[in-house]
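As structure tokens, the structure follows; a few thoughts come after it.
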Amino acid sequence: MRSKVLVVLVVVVSILAAYTLSKPITTQTRQGTIELTHLPDQYCPLSAAVVATDLDAKTPKILLDIEVAIDECRYITLAKLSGLGSEPQFIFVKISGQLAFRVQIDSIKGRYQFAPSLGDVNNDNIIDSNDETQVSSALFSNDETKISLNDLDRDKKVSVLDLSLTRINRRAGVERPDGQSWSRS
Amino acid sequence: MSLRAVSTRTAFVLVSIVTILLIVGSAFLSRVVFKAASSSATLYFSQSSIQAKPETTFKIEILADLSASADLTGVQLELNFDPKIVNPTDFKPAVRWKKVFSKVENGKLFLVMVPVEDQVQSNQAATGLSLVSLTFTTLAEGATNLTLTAANTLLAVASTPGAKGVENVVESVIDAQVSVSNMAIATPTDDSLKVNAITTQDEVVFSSQRILSTSSILTPSSAVILVHLEHPARVSVAFGATTALGNRADYSTRADQAAIRIAGLAASQRYYYQVVAEDDDATNRVLGQIKSFELPALSSATTVDRAELTIFPARAATGATAYAVFFDQDNKVVSGLNPEIKVDTDRVSATKFSEVSGLYQSVLGSLETEKLTIFSAVLLDGQELAGANVMFDPALANTAVKPNQTFLAIKFDQKTINVILALVAGLLMLGVGFYKLARAR
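Each protein sequence line maps, in turn, to chains A and B. Just so we're aligned: the first sequence equals residues 8 to 192 in my numbering. Just so we're aligned: the second sequence equals residues 59 to 499 in my numbering.
So this is what it looks like as structure tokens:
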């Protein structure tokens with residue numbers, strides 16, 4: 008009997024210890040967000056096209072289709088997506104210069120992370136030779152327009168670092184769930 | 059012993075094994091994966107000094123030394139020259155590279171190359187990695203320097219596993235002197251060449267800037283100049299075989315502690331150097347004293363008599379580099395060894411030594427939030443040959459320094475470490491609980 012009481016006490020204490028140690032983390036980290044990770048330090052996207060659907064793979068129902076601001080250059084706050092229910096759902100995200108991606112969320116209070124692929128300078132949601140050619144033609148350019156369009160890492164110049172992104176990230180992004188083009192959304 | 063008791067004991071053993079595996083695995087990851095992209099590069103020319111007659115051509119290669127393995131994804135060069143004296147006429151990328159952009163304009167050559175395949179893989183530290191062969195035509199008599207602009211000379215490398223980004227690994231660039239003369243065979247006189255805008259006459263001390271210390275690590279073909287400044291600045295080293303200091307090596311980023319590697323030097327040759335600290339627009343400058351060093355010769359033996367270990371910076375926020383050089387009885391440098399680095403605590407990680415021309419480098423990293431002084435030693439065949447202390451002080455990190463390590467999109471900051479510790483503690487306590495329960499039954 009003493010042993011059972013001891014076991015219960017040990018379990019309770021360990022749970023309490025774990026909770027106490029993790030408490031400051033849960034209050035300080037960004038809950039209820041999709042965090043964009045592995046991006047260049049100076050890279051700061053301002054907005055994202057967001058489409059949310061239910062989890063039905065064959066005939067997904069679009070729950071919302073909006074443009075939202077990105078907080079502190081890295082966070083898409085789920086609470087800002089009005090119309091998002093409490094059910095698990097897919098969130099499709101397209102940010103200028105990146106391939107679109109999809110994240111499955113279980114709750115709008117959860118914390119989610121994604122490392123987007125940079126390199127889609129023409130915003131057709133495919134990183135291919137067209138992007139590489141476009142960045143190549145803007146290398147060392149002083150033209151502000153060319154720099155703003157092709158400076159993927161936002162270091163204020165178009166360099167081989169931007170060109171490399173169009174080469175190592177060659178692939179297609181996730182399609183919009185309704186089959187439309189991201190550029191038309 | 060009942061079946062239930064055996065099951066509980068088995069559960070306890072399993073929990074313990076998983077816990078140990080987690081701890082060992084995380085230690086392995088912190089040592090191997092986090093440091094995978096900690097490569098740095100020095101770019102230099104195949105010849106540091108060229109003499110030619112007018113209206114002739116000469117070829118020169120641009121080479122790279124890499125301190126560790128890397129996946130190269132692109133090269134960008136901005137090369138400066140005097141267009142009245144020389145003119146670039148041809149650029150031939152090295153094998154496995156192709157040119158995607160080139161332009162010659164106002165005494166500058168802009169060149170961008172990418173690998174023929176997606177990337178060029180260097181599986182280990184490399185020295186003298188050829189990037190491009192340049193052909194110049196000499197136009198008129200005179201002297202000029204071929205200088206790579208540090209800010210626009212980039213070697214793009216795919217960053218850590220799991221990431222989809224690239225980073226520039228160029229740490230320093232070294233120039234070459236060109237002397238065009240009808241008497242081309244003659245050695246250039248000491249005052250015929252001047253490093254761009256560096257003369258001892260135009261020193262302007264900017265506010266409270268000071269060069270606190272300068273030291274050097276020498277190998278048969280290179281030298282690492284360690285510089286400690288009072289405040290961050292653009293740091294470069296003017297150097298040459300005479301006190302005229304005709305060449306220049308630039309550190310790529312603004313820093314108060316810089317390790318500038320000068321490559322392509324000749325063994326047993328005396329060189330002179332002077333540290334230069336400039337403000338951002340290069341208008342104010344602090345010059346150090348002209349010092350000299352004589353490079354050691356390369357030993358043909360493999361027997362090591364002694365080793366020298368230098369850790370720089372000696373006080374660092376989260377990371378420092380350990381440099382080791384091994385000597386034989388005649389003070390010649392021994393290469394081709396397989397040394398190990400040992401630190402006296404598991405709170406600091408160290409990468410395996412990588413060798414470039416007799417210089418062995420290892421990156422030390424700390425994730426501690428408290429000040430920590432460690433002792434590090436270099437071992438060869440299990441024998442400790444040299445040691446050095448280094449202090450890690452997170453308070454030295456300014457706002458620009460980001461100590462967080464990331465892997466698989468998880469941030470390994472102090473908070474995450476707290477969670478992991480809490481979970482491990484919880485698992486251990488649960489294990490103890492299971493064990494007690496098993497014994498009770």
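Virtual Cβ for every residue (Gly too), placed ideally from N, Cα, C.
Cβ neighbours of residue 151 of chain B in the same chain (closer than 6 Å, five flanking residues each side left out): 157, 171, 190
Classification of residue 117 of chain B by the beta-carbon crowding that lies within 10 angstroms, buried from 16 upward: exposed
Residue range of the unbroken alpha helix (DSSP H) whose run includes residue 138 of chain A: 136–144
Proximal chain A residues relative to residue 176 of chain B, where beta-carbon distance stays under 7 Å: 174, 175
Environment of residue 44 of chain B [buried if 16+ CB atoms lie within 10 Å]: Only positions 59 to 499 of chain B appear in this structure, which leaves residue 44 of chain B out of reach.
Beta-carbon proximity list for residue 170 of chain A, same chain, < 8 Å, skipping 5 on both sides: 139, 142, 143, 146
Secondary structure, beta strand (DSSP E): runs of 3+ residues fully inside the region 348–432 of chain B: 349–352, 364–370, 377–385, 398–401, 406–408, 412–414, 417–424
Residue 231 of chain B beta carbon less than 7 Å from that of residue 272 of chain B: no
Contact with chain A by residue 245 of chain B, beta-carbon distance below 7 Å: A caution first: residue 245 of chain B carries a pLDDT of 38, below 50, which makes its placement in the model too unreliable to give a value.
Where the beta strand (DSSP E) through residue 305 of chain B begins and ends: 305–309
Identified DSSP bridge partners for residue 136 of chain B: B:168
Nearest to residue 270 of chain B (by Cα), restricted to the options B:201, B:289, B:280, B:279: B:289
DSSP three-state assignment for residue 301 of chain B, whether helix, strand or coil: coil
Contact with chain B by residue 30 of chain A, beta-carbon distance below 7 Å: Because the pLDDT at residue 30 of chain A is just 49, under 50, the model does not fix this residue reliably, and the value given afterwards should be weighed accordingly. Cβ-Cβ to chain B under 7 Å: no for residue 30 of chain A.
Length of the line joining the Cα atoms of residue 60 of chain A and residue 449 of chain B: 53 Å
Residue 127 of chain A Cβ short of 6 Å to the ligand ATP heavy atom set: The model depicted lacks the ligand ATP and carries no ligand whatsoever.
Residue 60 of chain A, DSSP secondary structure in three states: strand
Sub-7 Å separation of residue 8 of chain B and residue 350 of chain B beta-carbons: The requested residue 8 of chain B is not part of the displayed model; chain B covers only 59 to 499.
Short CB-CB distance (under 7 Å) between residue 58 of chain B and chain A: Limits of chain B in this structure are 59 at one end and 499 at the other, which puts residue 58 of chain B out of reach.
Under 9 Å (Cβ pairs) to chain A, residues found in the region 476–491 of chain B: 476, 477, 479, 480, 481, 483, 484, 485, 486, 487, 488, 490, 491
First and last residue of the uninterrupted beta strand (DSSP E) at residue 203 of chain B: 200–206
Buried or exposed (CB count within 10 angstroms, at least 16 for buried), residue 62 of chain A: exposed
Contact with chain B by residue 85 of chain A, beta-carbon distance below 7 Å: no
Segment contact flag, the region 300–309 of chain B with the region 224–241 of chain B, C-beta cutoff 8 Å, min 3 pairs: yes
When A:14, A:153, A:161 are compared against residue 47 of chain A, the one with the closest alpha-carbon: A:161
Proximity winner among A:67, A:100, A:66, relative to residue 82 of chain A (alpha-carbon distances): A:100
Simplified DSSP state of residue 150 of chain B, which is helix, strand or coil: strand
Proximity test, Cβ basis, 7 Å: residue 156 of chain A and chain B: no
Bridge-paired residues (DSSP) for residue 50 of chain A: BP columns for residue 50 of chain A are empty, so no partner.
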